[in-house]
Amino acid sequence: MEIRVLALAMLLLAWQAAGGQNLDRLPQAKGVLAASAGQCVFLDLWLARTREQQLRGLMHVRDVPDAWGMLFVYGREQEIGMWMKNTHVSLDMLFIRADGSIASIATDTRPLSLKTIRSGEPVSRVLELKAGSVKRWGVKPGDRLLSP
C-alpha cells in the first residue's frame with residue numbers, strides 16, 4: 002500500500018514539475034515572426050487546432066521558453082476572445098488575420114485573470130508568447146507571422 006501511495010505521489014510531483022500540461026503531446030511546427038523593425042524571429046510552436054486543445058491552451062504551464070509559443074488555429078476568421086484562467090504566466094497575445102498580418106496585440110496579460118481579451122476584428126489565429134517578447138523583438142500590428 003505504501004509503495005502505491007509513494008508511486009502516486011512521485012507521479013503527481015513529476016506532472017507538476019512539467020507544468021501540469023504535457024505540451025510535448027501537442028503537434029508542433031516552426032514559424033517566423035517578421036517584425037517591421039527588421040528582425041526575424043524563428044519560433045517553435047505548439048499548435049492548438051482542436052476545441053479541446055484550444056480550451057486547455059497554456060493552462061497550468063509555469064514557464065514558456067524564449068522563442069516558443071502556442072498558436073491557436075481556427076478554421077475561419079472570427080472575432081476571438083481569450084482569457085487567462087488557470088494560466089500562471091503572463092503572456093503576449095498576437096491576434097493574426099488569415100493573410101498572416103497581425104491585427105492587434107495584448108501585452109503582459111495578467112495571470113489567472115478571467116477578463117476577456119478581444120481580438121477587435123475577425124482573425125484566424127492567435128499566438129501566445131512569453132510576456133515581454135513583443136517589446137524585445139519590436140513587434141507591431143501589421144507585422145507578419147509566417148507559419149504553417
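Throughout, my numbering is defined as the position within the sequence shown, counted from one, plus 1. Note that the Cβ used here is the ideal one computed from N, Cα and C, for glycine as well.
Does the distance from the CB of residue i to the CB of residue j come in under 8 angstroms?
{"i": "glutamate 78", "j": "valine 33", "result": "no"}
{"i": "serine 36", "j": "aspartate 109", "result": "For clarity, residue 36 is alanine in the given sequence; the question names serine instead. No, Cβ-Cβ distance for alanine 36 and aspartate 109 is not below 8 angstroms."}
{"i": "methionine 85", "j": "serine 105", "result": "no"}
{"i": "glycine 101", "j": "glutamine 40", "result": "no"}
{"i": "valine 135", "j": "aspartate 93", "result": "yes"}
{"i": "leucine 172", "j": "glutamine 54", "result": "The question about residue 172 has no answer, for the chain in this structure spans 2 to 149."}
{"i": "glycine 76", "j": "threonine 117", "result": "no"}
Whole angstroms are fine: how far does the CA of residue j sit from the CA of residue i?
{"i": "tryptophan 16", "j": "valine 90", "result": "Interpretation of tryptophan 16 is limited by its pLDDT of 43, a score under 50 that renders its predicted location unreliable; no figure is taken from the coordinates."}
{"i": "glutamine 29", "j": "leucine 44", "result": "10 angstroms"}
{"i": "valine 42", "j": "serine 148", "result": "12 angstroms"}
{"i": "aspartate 64", "j": "leucine 46", "result": "14 angstroms"}
{"i": "glutamate 80", "j": "glycine 121", "result": "7 angstroms"}
{"i": "leucine 72", "j": "glutamate 129", "result": "6 angstroms"}
{"i": "arginine 119", "j": "leucine 146", "result": "19 angstroms"}
{"i": "isoleucine 103", "j": "lysine 131", "result": "17 angstroms"}
{"i": "proline 112", "j": "methionine 60", "result": "10 angstroms"}
{"i": "leucine 25", "j": "alanine 38", "result": "Residue identity differs from the one stated: residue 25 is aspartate in this sequence, not leucine. Going by the C-alpha atoms only, they are around 32 angstroms apart."}
If we count the other Cβ atoms within 10 Å of its Cβ and call it buried at 16 or more, is residue i buried or exposed?
{"i": "alanine 49", "result": "buried"}
{"i": "glycine 58", "result": "buried"}
{"i": "leucine 56", "result": "exposed"}
{"i": "arginine 126", "result": "buried"}
{"i": "threonine 88", "result": "buried"}
{"i": "glycine 70", "result": "buried"}
Helix, strand or coil for residue i? Go by DSSP, reduced to three states.
{"i": "valine 124", "result": "strand"}
{"i": "aspartate 109", "result": "coil"}
{"i": "aspartate 100", "result": "coil"}
{"i": "leucine 147", "result": "strand"}
{"i": "leucine 95", "result": "strand"}
{"i": "lysine 141", "result": "coil"}
Inset, instruction - May I have a chain-ordered list of the beta strand (DSSP E) segments no shorter than 3 residues that lie completely inside the stretch 32 to 91? - result: 41 to 49, 69 to 79
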